[in-house]
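Worksheet: the structure to be examined is printed underneath.
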Amino acid sequence: MATIELDGPGKRIGQLRLPRVTDTSGWSNLTLPLGVVANGEGPTALVVGGVHGDEPEGQVAALNLLRALRPEDVTGRVVVAPCLSIEASRNYTRLWPTGANLNRSFPGSPHGTLDEQLADFVTRELIAPADVVVDIHSGGRSGLCLPWSEMHCVADAEQRRQMVDGMLAWGTDWCVVYIDIAGEGLLVGEAERQGKVVVSTELGGGGHVTAAIHRLARSGLENVLRTFGVLAGEPQPRAREARILMATELDDYVLAPESGLFETLVDLGDDVAAGDPVGRMHFLERPDREPVTVVADTSGTVCVVRAIATTQQGDNVCVIGREVSREQLA
Ligand SMILES: [Zn+2]
């Protein structure tokens, strides 16, 4: 399914192809960009962007990295899949046109739907041979995140220690330890299950990417690859100590109590206490009705604010995390 050989030295840029049928083509391939740069003995890093189509930060950073990388810059191998959800990227949507969320499709199946077939290929052919897996996300259109690098609190102490190193190597001012409140089947979850060192991010979002975020995506990605010895050059030391937030309680993820127009009362980085108002739901069909106040259920720092005002009951409107030290994670 890859048009290029992923083993062996040198630089190759090609495609990943999955057979499919569409209404306008009886014989078609879903075609995704894929590249590899390899040189000598060393670790393999897999760099993935565009698992969600409305998150261009990682797609741009991965494309820039792949074009720029020369074999002599690499010790080991860097495999780059700049955009796994290419039709969603074309539409600037989180989900595939089929409604699939690729980040719920792992580990996938060779006989499943197209997203499951892609997840299966990524699981077996891209994640399995990798030592380090970098999966670049942002809040997409619906969420605005403090730009941060992130990790799950995996059980294995050595894997966790290396993931903390990778998280801090991105150089973001904030880091977040998170849980999955919207189901299983994540790419990073599969990589963690395979024992890989997984580094991920939520670099802003809200449907807009600033130049500073593009720079942070590129510099962080390169610094992670240097930290694990795949990319030549000394890792850059952090400009300042990271603030690490734990958003590991279900109640840290505040959900809209009913549908309406969301007014946020907090901004990223604000500190809140349990019971504090974080937003209000307004009702365009009932202008006489008082807005419903949405309150924080936990205390801490606001790290996500909903970016789309139109809100359905149960949509996440705010995430709160509590600061921890690096030592508390190790
Ligand atoms: Zn994402």
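Mapping the sequence shown onto the working numbering, position 161 (from 1) lands on 256, and the numbers just tick up by one. Don't be surprised by glycine CBs; every beta carbon is placed ideally from N, CA and C. Please read these numbers as outputs of a predicted model, since none were measured by experiment.
Through-space distance from glycine 324 to arginine 255, alpha-carbon basis: Cα to Cα, the separation comes out at about 18 angstroms.
Looking only at its chain, what residues have a beta carbon closer than 8 angstroms to the beta carbon of arginine 335, apart from the 5 residues adjacent to it on each side? Asp268
Here's the rule I'm using: 16 or more other beta-carbon atoms within 10 Å means buried, otherwise exposed. How should leucine 239 be labelled? buried
Counterpart residues of valine 367 in DSSP-defined beta bridges: Per the DSSP secondary-structure output, valine 367 pairs in a beta bridge with Gly395.
Could you tell me if glycine 328 is buried or exposed, where buried requires 16 or more neighbouring beta carbons within 10 angstroms of its beta carbon? exposed
Integer-rounded CB distance, given that cysteine 270 should sit under 8 angstroms from serine 244: 5 angstroms
Taking 8 angstroms as the cut-off, does the stretch 285-295 touch the stretch 219-230 (at least 3 CB pairs, one atom from each stretch)? Between the stretch 219-230 and the stretch 285-295 there are three or more C-beta pairs closer than 8 angstroms, enough to call the two in contact.
Whose beta carbon lies closer than 6 angstroms to any heavy atom of ligand 1, going through the chain in order? Val146, His147, Glu150, His232, Gly235
Whether glycine 137 touches arginine 107 by CB criterion (8 angstroms): no
Taking the alpha-carbon of proline 352 as reference, which of Leu221, Asn124, Gly374, Val132 has the nearest alpha-carbon? Gly374
Three or more C-beta pairs under 8 angstroms: does that hold for the stretch 159-169 against the stretch 193-213? Counting Cβ pairs under 8 angstroms, fewer than three are found: no touch.
At which residues does the alpha helix (DSSP H) containing methionine 258 begin and terminate? 252-264
Alpha carbons only, please: which of Glu297, Thr188, Val349, Gly145 is nearest the one belonging to valine 412? Val349
Where do the ends of the beta strand (DSSP E) carrying glutamate 150 lie? Note, glutamate 150: premise wrong, no beta strand (DSSP E); not H, not E.
Could you please give the first and the last residue of the uninterrupted beta strand (DSSP E) stretch that includes leucine 111? 105-117
In the structure shown, what three-state DSSP assignment does histidine 309 receive? Under the three-state reduction of DSSP, histidine 309 is assigned to helix.
Count the other CB atoms, across all protein chains shown, that sit within 10 Å of the CB of tryptophan 122; report buried if there are 16 or more and exposed otherwise. exposed
Counting beta carbon pairs with one atom in the stretch 205-212 and one in the stretch 296-313, are three or more of them shorter than 8 angstroms? no
Does leucine 241 come out as helix, strand or coil in the three-state DSSP assignment? coil
In the DSSP assignment, the beta strand (DSSP E) including aspartate 230 goes from what residue to what residue? Counting along the chain, the beta strand (DSSP E) containing aspartate 230 begins and ends at 227-232.
Return the first residue and the last residue of the alpha helix (DSSP H) that serine 180 is part of. No alpha helix (DSSP H) contains serine 180, which DSSP labels as neither H nor E.
Where the beta strand (DSSP E) through glutamate 297 begins and ends: For glutamate 297, the enclosing beta strand (DSSP E) stretches over residues 292-297.
For proline 177, which residues of its own chain have a beta-carbon under 7 angstroms away from its beta-carbon, when the five flanking residues on both sides are left out? Setting aside the 5 residues that flank it on each side, proline 177 is surrounded in the same chain by Pro128, Gly144, Gly145, Gln154, Ala157, Leu158, Leu161, each with a C-beta closer than 7 angstroms to its C-beta; the list follows chain order.
Checking 8 angstroms against the spacing of the C-beta atoms, do threonine 393 and aspartate 347 come in under that value? yes
Range covered by the beta strand (DSSP E) that runs through valine 271: Here the beta strand (DSSP E) through valine 271 covers 269-273.
With a 10 Å radius around its C-beta and 16 neighbouring C-beta atoms as the bar for buried, classify valine 149 as buried or exposed. It should be pointed out that residue 149 corresponds to aspartate in this sequence rather than to valine. So aspartate 149 ends up on the buried side.
I'd like the list of long-range same chain contacts for histidine 147, defined as Cβ closer than 6 angstroms, with 5 residues on each side in sequence excluded. Arg189, Gly235
Considering only residues of the same chain and omitting the five flanking positions on each side of histidine 377, which have a CB-CB separation below 7 angstroms? Gly355, Leu356, Glu358, Pro386
Quick one: does the C-beta of threonine 193 sit closer than 7 angstroms to a heavy atom of ligand 2? The model depicted lacks ligand 2 and carries ligand 1 instead.
Considering only DSSP beta bridges, list what cysteine 413 is partnered with. Val349, Val400
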